[in-house]
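Taking the numbering used here, the leading residue of the sequence shown gets 89, the next gets one more, and so forth.
Idealized CB from N, CA, C, for every residue including glycine.
Okay, so here's the structure we're looking at.
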Amino acid sequence: MNGPVDSAAWRRGLAQAGRRRPELDLRAERRGAHTVLTAQFVTYPFHLTRPFRLDPLRPEVATLYMQSASGGLYADEDLNAAVAVGPGAALHLTTQASTMVLGPAGKTARMRVRLAVGAGGFLAYGPDPLILFPGSAPDTELAVDLAPGAGAVLNDGFLLHDPQGLGAAPQSFRSVTEVRIGGRPILVDRQRVAGADLAAPGGPLNGYRVAGSALLLGLGAALSPEALGERLGASGVLAGVTALPAGCGLGVRVLAHDGASFQTAMTAVFAAAFTARFGVEPTPRRK
Numbered sequence: 089m090n091g092p093v094d095s096a097a098w099r100r101g102l103a104q105a106g107r108r109r110p111e112l113d114l115r116a117e118r119r120g121a122h123t124v125l126t127a128q129f130v131t132y133p134f135h136l137t138r139p140f141r142l143d144p145l146r147p148e149v150a151t152l153y154m155q156s157a158s159g160g161l162y163a164d165e166d167l168n169a170a171v172a173v174g175p176g177a178a179l180h181l182t183t184q185a186s187t188m189v190l191g192p193a194g195k196t197a198r199m200r201v202r203l204a205v206g207a208g209g210f211l212a213y214g215p216d217p218l219i220l221f222p223g224s225a226p227d228t229e230l231a232v233d234l235a236p237g238a239g240a241v242l243n244d245g246f247l248l249h250d251p252q253g254l255g256a257a258p259q260s261f262r263s264v265t266e267v268r269i270g271g272r273p274i275l276v277d278r279q280r281v282a283g284a285d286l287a288a289p290g291g292p293l294n295g296y297r298v299a300g301s302a303l304l305l306g307l308g309a310a311l312s313p314e315a316l317g318e319r320l321g322a323s324g325v326l327a328g329v330t331a332l333p334a335g336c337g338l339g340v341r342v343l344a345h346d347g348a349s350f351q352t353a354m355t356a357v358f359a360a361a362f363t364a365r366f367g368v369e370p371t372p373r374r375k
């Protein structure tokens with residue numbers, strides 16, 4: 089079986105630019121009936137739990153919770169993470185809670201994530217939504233490369249937070265997600281919005297406070313747009329589901345009035361992908 093595409097070229101690029109190793113650098117491999125971490129480098133501001141095996145019927149699935157020791161993502165930060173999942177391994181990587189993104193205005197807070205999944209492997213990457221404080225300018229990049237037969241479910245999101253209730257807005261929001269299969273580019277999803285537009289009554293959020301996206305990749309005919317739409321319909325959010333290019337999977341957009349309903353929707357997305365991949369419902373993930 090082919091091994092996962094690793095992030096060696098990306099790491100070399102960091103080194104040439106004078107950057108150190110990514111602050112979070114993981115490799116998960118299949119060992120017998122289980123998925124284990126075979127390489128792990130974690131430094132400030134990240135903290136990582138031990139792997140949990142939460143699904144008795146699918147013992148190959150390992151679940152990890154990421155945490156922040158700094159309390160948020162700050163202006164002028166430029167954080168990097170790399171995760172490689174080996175052939176036949178299965179990893180669920182999520183967060184314990186949402187991450188605050190803080191100003192001051194005029195300075196960007198960057199987070200770059202590179203994911204690679206080997207043949208027959210599965211990765212669920214599901215951080216809780218970013219909390220955008222007034223003046224914040226998050227700039228996130230997510231790139232995933234799937235080997236043939238690999239599957240993944242990826243989600244992200246953000247919510248607006250104005251603690252003083254003065255109508256203050258974030259400075260901007262930028263997000264880029266790139267999907268490759270076997271090294272071949274399949275899709276790029278780019279979002280860039282001025283913070284004032286996000287907070288405006290008639291802006292893209294149109295009165296909603298939380299927005300997010302999800303990609304369900306490599307699941308084939310096991311999950312239809314209609315079946316996923318039914319799951320999302322019970323969560324109380326405004327959601328749309330569409331087929332992605334080259335038959336690679338499904339894409340989801342979500343608008344929610346609050347974090348609780350958004351989390352319900354993303355839990356439904358994860359459950360749909362997990363069930364399509366493994367044939368059983370996942371055990372609820374406690375946070």
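What span of residues does the alpha helix (DSSP H) with LEU316 cover, start to end?
Translated into the one-based positions of the sequence shown, residue 316 becomes position 228. LEU316 -> alpha helix (DSSP H) spans 313-321.
Return the chain-ordered list of same chain residues with a C-beta closer than 6 Å to the C-beta of ALA105, the five sequence neighbours on each side being excluded.
Residue mapping note: residue 105 aligns to position 17 of the sequence shown, counting from 1. Any reading at ALA105 needs caution, since the residue's pLDDT is 49, under 50, leaving its predicted position unreliable; the model's value is listed next. Nothing listed; no residue qualifies.
My understanding is that ALA353 touches SER312, with C-beta atoms under 8 Å, so please give their C-beta distance in whole angstroms.
The sequence position of residue 353 within the sequence shown is 265, counting from 1. The sequence position of residue 312 within the sequence shown is 224, counting from 1. Actually they do not touch by this definition, with Cβ atoms about 18 Å apart.
Out of curiosity, what's the CA-to-CA distance linking ALA302 and ARG202?
For the purposes of this step, residue 302 is identified with residue 214 of the sequence shown, where counting begins at 1. For the purposes of this step, residue 202 is identified with residue 114 of the sequence shown, where counting begins at 1. The straight-line gap from Cα to Cα measures roughly 16 Å.
Is the beta carbon of GLY208 less than 8 Å from the beta carbon of PRO175?
Indexing the sequence shown from 1 puts residue 208 at position 120. Indexing the sequence shown from 1 puts residue 175 at position 87. With a cutoff of 8 Å on beta-carbon distance, GLY208 and PRO175 are scored as near each other.
So VAL171 and LEU161 are in contact, right, with Cβ under 8 Å, and what is the actual spacing, rounded?
What you label residue 171 is simply residue 83 of the sequence shown in a count that begins at 1. What you label residue 161 is simply residue 73 of the sequence shown in a count that begins at 1. A Cβ-Cβ separation of about 18 Å leaves VAL171 out of contact with LEU161 under the 8 Å criterion.
To the nearest angstrom, how far is the alpha carbon of THR343 from that of GLY295?
Here the question's residue 343 lines up with position 255 in the sequence shown. Here the question's residue 295 lines up with position 207 in the sequence shown. According to the sequence provided, residue 343 is Leu. The question's Thr does not apply to it. Between the alpha carbons of LEU343 and GLY295 lies a distance of about 9 Å.
On the three-state DSSP scale, how would you describe LEU286?
By 1-based counting over the sequence shown, the position of residue 286 is 198. Helix.
May I ask you to report which of helix, strand or coil DSSP gives GLY206?
Residue mapping note: residue 206 aligns to position 118 of the sequence shown, counting from 1. If DSSP states are grouped into helix, strand and coil, GLY206 belongs with coil.
Taking the C-alpha atoms as reference points, what is the distance between PRO273 and GLY253?
Against the sequence shown, residue 273 aligns to sequence position 185. Against the sequence shown, residue 253 aligns to sequence position 165. Distance between the alpha carbons of PRO273 and GLY253: 43 Å.
For a test of the three-state rule: what should DSSP assign to GLN184, helix, strand or coil?
Numbered from 1 along the sequence shown, position 96 holds the residue referred to as residue 184. If DSSP states are grouped into helix, strand and coil, GLN184 belongs with coil.
By the DSSP assignment, the alpha helix (DSSP H) with PHE221 in it spans what residues?
For this step, residue 221 is matched to residue 133 along the sequence shown. Neither: PHE221 is in no alpha helix (DSSP H) and is coded neither H nor E.
Under a three-way DSSP split, which group does VAL201 fall into?
Position 113 of the sequence shown, counted from the start, is the residue given in the question as residue 201. It is a strand residue.
Whose C-alpha, out of PHE246, PRO258, THR228, ALA309, is nearest the C-alpha of SER349?
As a position in the sequence shown, residue 349 is number 261, starting the count at 1. Across the set PHE246, PRO258, THR228, ALA309, the C-alpha of PHE246 shows the shortest separation from the C-alpha of SER349.
Measure the Cβ-Cβ separation of GLU111 and THR126 and say whether it is below 8 Å.
Numbered from its first residue, the sequence shown carries residue 111 at position 23. Numbered from its first residue, the sequence shown carries residue 126 at position 38. The answer is no: Cβ separation not under 8 Å.
Whose C-beta lies closer than 6 Å to the C-beta of ASP113 among residues of the same chain, with five residues either side of it excluded?
Mapped onto the sequence shown, residue 113 falls at position 25. PHE129, ALA170, listed in sequence order.
Looking only at C-alpha atoms, which of GLU369, LYS375, ARG373 sits nearest to LEU145?
Translated into positions along the sequence shown, residue 145 becomes position 57. Of GLU369, LYS375, ARG373, the residue nearest in Cα terms is GLU369.
Taking only the alpha-carbon atoms, compute the straight-line gap between VAL357 and ALA150 and give it to the nearest angstrom.
Numbered from its first residue, the sequence shown carries residue 357 at position 269. Numbered from its first residue, the sequence shown carries residue 150 at position 62. In this structure, the CA atom of VAL357 is about 18 Å from the CA atom of ALA150.
Please go through the same chain and pick out, in chain order, the residues whose beta-carbon is closer than 8 Å to the beta-carbon of PRO333, but skip the five residues on each side of it.
Sequence index remark: in the sequence shown, residue 333 carries index 245 (1-based). Leaving aside the five residues that flank PRO333 on each side, the residues in its chain whose CB is nearer than 8 Å to its CB run, in chain order, ILE274, LEU275.
Taking ASP250 as the reference, which of LEU190, ASN243, GLY271 has the closest Cα?
As a working mapping, residue 250 is identified with position 162 in the sequence shown. In this structure, LEU190 is the residue among LEU190, ASN243, GLY271 with its C-alpha nearest to the C-alpha of ASP250.
If we call anything under 8 Å between Cβ atoms a contact, is THR265 one with LEU230?
Translated into positions along the sequence shown, residue 265 becomes position 177. Translated into positions along the sequence shown, residue 230 becomes position 142. Going by C-beta atoms, THR265 is nearer than 8 Å to LEU230.
For HIS122, which beta-bridge partners are listed by DSSP?
In the sequence shown, the residue the question calls residue 122 occupies position 34. DSSP lists ARG119 as partners of HIS122.
State the CB to CB distance for the pair MET188 and PHE221, rounded to an integer number of angstroms; the pair is presumed to be in contact (CB under 8 Å).
Position 100 of the sequence shown, counted from the first residue, corresponds to residue 188. Position 133 of the sequence shown, counted from the first residue, corresponds to residue 221. At roughly 6 Å, the Cβ-Cβ gap stays under 8 Å, so MET188 and PHE221 are in contact.
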